[in-house]
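K.L.:
Residue numbers (the working numbering): -9 to 468. I have a structure I would like to understand better, so I am pasting it below and will then ask my questions one at a time.
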């Protein structure tokens, strides 16, 4: 049956038969209903709804919205800036945007989590749902995808879209714990995690990533990105190879995580500027992170001889800085900051200098040079086999040496101050109860597992200046 409209805007309703609907001019709304229908929107900005059959829907002229509905449909935007829509429950459709800036809109399940993928194949964009009721959209001549997860724990993996017309992928996770991974793509991404604890990983170009509500992990990936944690306790992540990013943690306790080069040494700096924290790498491939509304930095040097200088961070929101040197001979200098520091040298002969507040310093394996700076500092040892360190500024009665009961053994009791009977002054143990031996003539601190000489004592550190160390200066943790 052929149904003809007029040149005025109107609502046209098809039959349950196989119709040919010609809307002609005006801004029309067309409902195809049952049967395998053909709809031509004509001139004007039309809204076209397919029915239950296998329909062929043509927007023709104007900025049209074409909705396939159930059945495996063919949808053509043609001239103008069109939107071609797939809703949950629809079939596998062929979509062609035509000329203009055209958008493919996908609305997933409201209650269950969708697993979506998007890739290039033969010059076309192929969009799949691989769970629930699977479907495939085969898309040509479309410039953007707008994907709405709605309810459930949704995921979207975006692969390379090279060879297609797609310039933008926009993802809204909706409720649930959602995941976007565009790390294999060079197409711009705008992503909203919305409610739930979401994971958003950007693409190789300049992305905009918004965590929304919940405790989110936001990874910019390559390109100069803008990353917003928004509500919740979020992690905003920079990995080696990423670009210069703008990061805003939003409300909550937010952490900036930086992971440096695995083989080469990084030279990092952190300072305050205009109320923001400015994090730079000044060697290798330099980059800058401009950070606002973040309470903590967690920086991992990984491989190589890394250096990290932290300046005064007054005026920023940063309340703590944590550094992991990784392998290599690493250097940390925090002498100009009042921000609490936690420093892990890890493997290698490291030089770790704390700041003006209460810091925690663990040299790790190797012969480390440790300076607490101002404040009541903690020097941490996991076991007695980590190498002989030099602690340059230990202040008895103020600073603490912290040891692990599990790592040292020898009858140490976790979560207590060392027992007086387990500490002695001199160059060797005096009886079987002695565990820590401090030579106040040289500043050498030793560990003795049994106090009898059956197992030789091990030198832990040299305390410069030979402070009057006492058993109360040693604390035992698990």
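Glycine is no exception: its CB is placed at the ideal position from the N, C-alpha and C atoms.
Over what stretch of residues does the alpha helix (DSSP H) that includes residue 398 continue unbroken?
P.N.:
For the purposes of this step, residue 398 is taken as the residue at position 408 of the chain shown. Where residue 398 is concerned, the enclosing alpha helix (DSSP H) stretches over 395 to 398.
K.L.:
Run through the region 150 to 226 for me and flag every whole beta strand (DSSP E) of 3 or more residues, listed as ranges in chain order.
P.N.:
If we require 3 residues or more, the beta strand (DSSP E) runs fully inside the region 150 to 226 come out as 158 to 162, 169 to 171, 178 to 182, 189 to 191, 198 to 200, 207 to 209, 216 to 218.
K.L.:
Bridge partners for residue 429 per DSSP, in chain order?
P.N.:
Locating residue 429 in the chain shown gives position 439, counting from the first residue. Note: residue 429 sits in a beta bridge opposite 434.
K.L.:
Could you compute how far the alpha carbon of residue 282 sits from the alpha carbon of residue 272?
P.N.:
In the chain shown, the residue the question calls residue 282 occupies position 292. In the chain shown, the residue the question calls residue 272 occupies position 282. Straight-line Cα distance between these residues: approximately 21 Å.
K.L.:
Going by DSSP, what residues sit across from residue 237 in a beta bridge?
P.N.:
In the chain shown, counting from the first residue as 1, residue 237 sits at position 247. Answer is 217, 281.
K.L.:
Quick one, are the C-beta atoms of residue 12 and residue 83 less than 7 Å apart?
P.N.:
Reading the chain shown from its first residue, position 22 is the one you call residue 12. Reading the chain shown from its first residue, position 93 is the one you call residue 83. Result no, Cβ atoms of residue 12 and residue 83 do not sit closer than 7 Å.
K.L.:
Are the beta-carbon atoms of residue 147 and residue 107 separated by less than 7 Å?
P.N.:
Taking the first residue of the chain shown as 1, we reach residue 147 at position 157. Taking the first residue of the chain shown as 1, we reach residue 107 at position 117. Contact: yes.
K.L.:
How is residue 412 classed by DSSP in three states: helix, strand or coil?
P.N.:
Here residue 412 refers to the residue found at position 422 of the chain shown. Note: residue 412 maps to helix in three-state DSSP.
K.L.:
Using the Cα positions of residue 376 and residue 450, report the straight-line distance between them to the nearest angstrom.
P.N.:
For the purposes of this step, residue 376 is taken as the residue at position 386 of the chain shown. For the purposes of this step, residue 450 is taken as the residue at position 460 of the chain shown. Straight-line Cα distance between these residues: approximately 8 Å.
K.L.:
So, using beta-carbon positions, are residue 299 and residue 323 closer together than 7 Å?
P.N.:
As a first step, residue 299 is located in the chain shown; it is residue number 309 there, counting from the start. As a first step, residue 323 is located in the chain shown; it is residue number 333 there, counting from the start. Cβ atoms of residue 299 and residue 323: closer than 7 Å.
K.L.:
If we count the other Cβ atoms within 10 Å of its Cβ and call it buried at 16 or more, is residue 308 buried or exposed?
P.N.:
Position 318 of the chain shown, counted from the first residue, corresponds to residue 308. It is buried - the Cβ of residue 308 has at least 16 other Cβ atoms within 10 Å.
K.L.:
So what's residue 5 in DSSP terms, helix, strand or just coil?
P.N.:
Taking the first residue of the chain shown as 1, we reach residue 5 at position 15. Coil, per DSSP.
K.L.:
Along the chain, where does the beta strand (DSSP E) that runs through residue -9 open and close?
P.N.:
For this step, residue -9 is matched to residue 1 along the chain shown. Here residue -9 belongs to no beta strand (DSSP E), and DSSP marks it neither H nor E.
K.L.:
Alpha carbons only, please: which of 130, 118, 125, 97 is nearest the one belonging to residue 112?
P.N.:
Against the chain shown, residue 112 aligns to sequence position 122. Comparing Cα-Cα distances from residue 112 to each of 130, 118, 125, 97, the minimum goes to 130.
K.L.:
Smallest Cα separation from residue 268: which of 37, 62, 114, 306?
P.N.:
Indexing the chain shown from 1 puts residue 268 at position 278. Residue 306 is the option with its Cα nearest to residue 268.
K.L.:
Would a C-beta distance cut-off of 7 Å place residue 314 and residue 297 closer than the cut-off?
P.N.:
Against the chain shown, residue 314 aligns to sequence position 324. Against the chain shown, residue 297 aligns to sequence position 307. No, the Cβ-Cβ distance between residue 314 and residue 297 is not below 7 Å.
K.L.:
In the DSSP assignment, what are the bridge partners of residue 259?
P.N.:
Position 269 of the chain shown, counted from the first residue, corresponds to residue 259. Residue 259 is bridged to 270, 299.
K.L.:
Which partner residues does residue 350 have in the DSSP bridge list?
P.N.:
Start at 1 with the first residue of the chain shown, and residue 350 comes out as number 360. In the DSSP output, where bridge partners are listed per residue, residue 350 has 332, 368.
K.L.:
Which of the three DSSP states, helix, strand or coil, is assigned to residue 91?
P.N.:
Within the chain shown, the letter at position 101 stands for residue 91. Three-state result, residue 91: coil.
K.L.:
Quick one, which of 168, 152, 185 has its alpha-carbon nearest residue 110's?
P.N.:
Against the chain shown, residue 110 aligns to sequence position 120. Residue 152 is the option with its Cα nearest to residue 110.
K.L.:
Using a Cβ-Cβ cutoff of less than 6 Å, which residues in the same chain neighbour residue 448 once the five nearest sequence positions on both sides are dropped?
P.N.:
Mapped onto the chain shown, residue 448 falls at position 458. Hits under 6 Å: 374, 437.
K.L.:
Should residue 353 and residue 338 be called a contact, given that it needs their Cβ atoms to be closer than 7 Å?
P.N.:
Along the chain shown, read from residue 1 onward, the residue named residue 353 stands at position 363. Along the chain shown, read from residue 1 onward, the residue named residue 338 stands at position 348. In this structure, residue 338 does not lie closer than 7 Å to residue 353 by Cβ.
K.L.:
Closest to residue 125 by CA distance: which of 105, 69, 114, 138 is it?
P.N.:
Taking the first residue of the chain shown as position 1, residue 125 is located at position 135. Among 105, 69, 114, 138, the Cα nearest to that of residue 125 is on 105.
K.L.:
Quick one: what's residue 322 bridged to in DSSP?
P.N.:
As a position in the chain shown, residue 322 is number 332, starting the count at 1. According to DSSP, residue 322 bridges with 298, 342.
K.L.:
Applying the criterion that 16 or more other CB atoms from any shown protein chain within 10 Å of the CB defines a buried residue, is residue 408 buried or exposed?
P.N.:
Counting from 1 along the chain shown, the entry for residue 408 is found at position 418. Under this definition residue 408 is a buried residue.
K.L.:
Quick check on this structure: which residue in 66, 42, 49 has the alpha carbon closest to the alpha carbon of residue 60?
P.N.:
Numbered from 1 along the chain shown, position 70 holds the residue referred to as residue 60. It is 42 whose Cα lies nearest to the Cα of residue 60.
K.L.:
Tell me whether residue 253 is buried or exposed, calling it buried when 16 or more other Cβ atoms sit within 10 Å of its Cβ.
P.N.:
For the purposes of this step, residue 253 is identified with residue 263 of the chain shown, where counting begins at 1. Residue 253 comes out exposed.
K.L.:
Report the three-state DSSP secondary structure of residue 461 (helix, strand or coil).
P.N.:
Residue 461 sits at position 471 when you count from the first residue of the chain shown. Three-state result, residue 461: helix.
K.L.:
Return the residue from the list 344, 466, 429, 392 that minimises the CA-CA distance to residue 403.
P.N.:
Position 413 of the chain shown, counted from the start, is the residue given in the question as residue 403. If we check each option's Cα against that of residue 403, 466 comes out closest.
K.L.:
Pair every Cβ in the region 241 to 257 with every Cβ in the region 204 to 223, then say whether three or more of these pairs are closer than 8 Å.
P.N.:
Verdict: yes, contact present.
K.L.:
My understanding is that residue 173 touches residue 197, with C-beta atoms under 8 Å, so please give their C-beta distance in whole angstroms.
P.N.:
By 1-based counting over the chain shown, the position of residue 173 is 183. By 1-based counting over the chain shown, the position of residue 197 is 207. Rounded, the Cβ-Cβ distance is 11 Å, inconsistent with contact.
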